[in-house]
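Residue numbers (this note's numbering), protein chains in the order written: chain L, 1 to 229; chain V, 1 to 229.
Structure, rendered in structure tokens:
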């Protein structure tokens, strides 16, 4: 039985859907919509209404039969669950193409994720700024993270440098790593790792394209053997 | 029962693991390793040996008891399954920060994904090149895709332009969309969509960090109520 004060374990599938709820409720809020039914959410989000009710039940009793959900209340609750009610300090490690692109993107700040520094080994980059964010030498990284209570390290470094950097970060106050390298990071369990493995994603796309092409070919073969009358 | 010539449906979880197998087998191949056991793969990949055997059984009988897997054969087979035995033509739509970063990255080419053009509406960008890849006006996109048999469109455009672009692409020979916009794309089922939703990924990280902090706080409260003797 669940103990009061215990944290209910929520499945990864539900967690992965929460950002969608959050973003669409934000849109509704900006459009001054006060309440929304699971049916209406279902139309926008593409999940079934019963799945939406089940998902949201995981986090408490938000809805009211015949009334629907209070948009503002639900938005605030989900924002708390996602930890978006407080701001997060981020640093980007690796000022290469991807690191620079992420630094230039202003969309993370909207949700309270503030990039406050970038670290790199390249002396041609160190000392420069990207959108007012300074690039510091990687030697200063650990000190900076601890001194500034940085929550999240964004890793956009080459594969072969990952192990060393991860070892250095593991001794800091960092709470999460947003990992854009293809390396599987092993670190103490207090630090959360979230991976964006671009090559894996591209391979998955390629798999499905390939599968679709195989199916087309089989269909054509069948048509040859059993031509339509 | 499975029919000969039918394509076996493989679960998404297995497909998502295939790129990992592929990349690690590639490393073994480059190190001239000829065979590998499921136990050895398990140590590198972190999945259990029995899961590895189960995964690979989905695609045929690759292993031999007491011998292990033939690295080169398994690598070739997985490359075929992932559709990496043929090259793919890609275009990037949207030459903003992320589009430019992806265009500059040479890692996709290694696996046969060739970026052959970039499209944008910005007259200051059109006519330029990124790593020898030309930036063309978006008006030429549909013609170019059909004329050059492009397989994959990489979407790095702003949210509000996505619908229009997707509508235009849907009339071309494109087979897959690699979607970096936060928009859920609805398109005819012949075109595969693979999403890289960065904000969702960041929110998931934030959720886990927040959950970890809540647990720490609860633990501290418990210690106060029931202090260690």
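Cβ atoms here follow ideal geometry from the backbone N, Cα and C, with glycine treated the same way.
Item                                                                                                                                                                                          : Value
Ignore the nearest five residues each way along the sequence and tell me which others in residue 41 (chain V)'s own chain have a CB closer than 6 Å to its CB.                                : 52
Between residue 5 (chain V) and chain L, is there a C-beta pair that is closer than 9 Å?                                                                                                      : For residue 5 (chain V), the pLDDT reaches just 46, beneath the cut-off of 50, and the residue's location in the model is therefore unreliable, leaving the point undetermined.
To the nearest angstrom, how far is the alpha carbon of residue 113 (chain L) from that of residue 83 (chain L)?                                                                              : 11 Å
In three-state DSSP terms, what is residue 134 (chain L)?                                                                                                                                     : strand
Just how far apart, CA to CA, sit residue 39 (chain L) and residue 49 (chain L)?                                                                                                              : 5 Å
Tell me the residue span of the alpha helix (DSSP H) that contains residue 153 (chain L).                                                                                                     : Here residue 153 (chain L) belongs to no alpha helix (DSSP H); instead the beta strand (DSSP E) covers 152 to 155.
What are the complete beta strand (DSSP E) segments, minimum 3 residues, inside the stretch 13 to 72 of chain V?                                                                              : 68 to 70
According to the neighbour-count rule (16 or more other Cβ atoms, all chains shown, within 10 Å of its Cβ), is residue 2 (chain V) buried or exposed?                                         : Bear in mind that the predicted position of residue 2 (chain V) carries a pLDDT of just 41, short of 50, making it too unreliable to give a figure here.
So, for residue 172 (chain L): in the same chain, excluding its five sequence neighbours on each side, which residues have a beta-carbon less than 6 Å away from its beta-carbon?             : 142, 145, 146
Quick one, which of L:110, L:91, L:88 has its alpha-carbon nearest residue 23 (chain L)'s?                                                                                                    : L:110
State the Cα-Cα distance for the pair residue 130 (chain V) and residue 128 (chain L), rounded to the nearest angstrom.                                                                       : 22 Å
Are there any heavy atoms of the ligand ATP lying less than 8 Å away from the beta-carbon of residue 190 (chain V), as far as the coordinates show?                                           : Among the components modelled here there is no ligand, and therefore nothing to report on the ligand ATP.
Using three-state DSSP, classify residue 114 (chain V) as helix, strand or coil.                                                                                                              : strand
Quick one: any contact between the stretch 86 to 106 of chain V and the stretch 84 to 91 of chain L, if contact means 3 or more CB pairs under 8 Å?                                           : no
Give me, in chain order, the residues of the same chain whose beta-carbon lies closer than 7 Å to that of residue 168 (chain L); leave out the 5 immediate sequence neighbours on both sides. : 141, 142
Considering only residues of the same chain and omitting the five flanking positions on each side of residue 194 (chain V), which have a CB-CB separation below 6 Å?                          : 178
I believe residue 67 (chain L) touches residue 35 (chain L) by the beta-carbon criterion, under 8 Å. Please report the beta-carbon distance rounded to the nearest angstrom.                  : 6 Å
Chain V partners of residue 94 (chain L), CB-CB under 9 Å?                                                                                                                                    : The contacting residues do not exist; residue 94 (chain L) stays about 12 Å from chain V at best.
Determine the chain L residues that contact residue 175 (chain V) at a beta-carbon separation under 8 Å, and present them in chain order.                                                     : 209, 212, 213
Against chain L, does residue 204 (chain V) count as a neighbour if the rule is that its beta carbon must be under 9 Å from one of theirs?                                                    : yes
Please report whether the beta-carbon of residue 161 (chain L) lies at a distance below 9 Å from any beta-carbon of chain V.                                                                  : no
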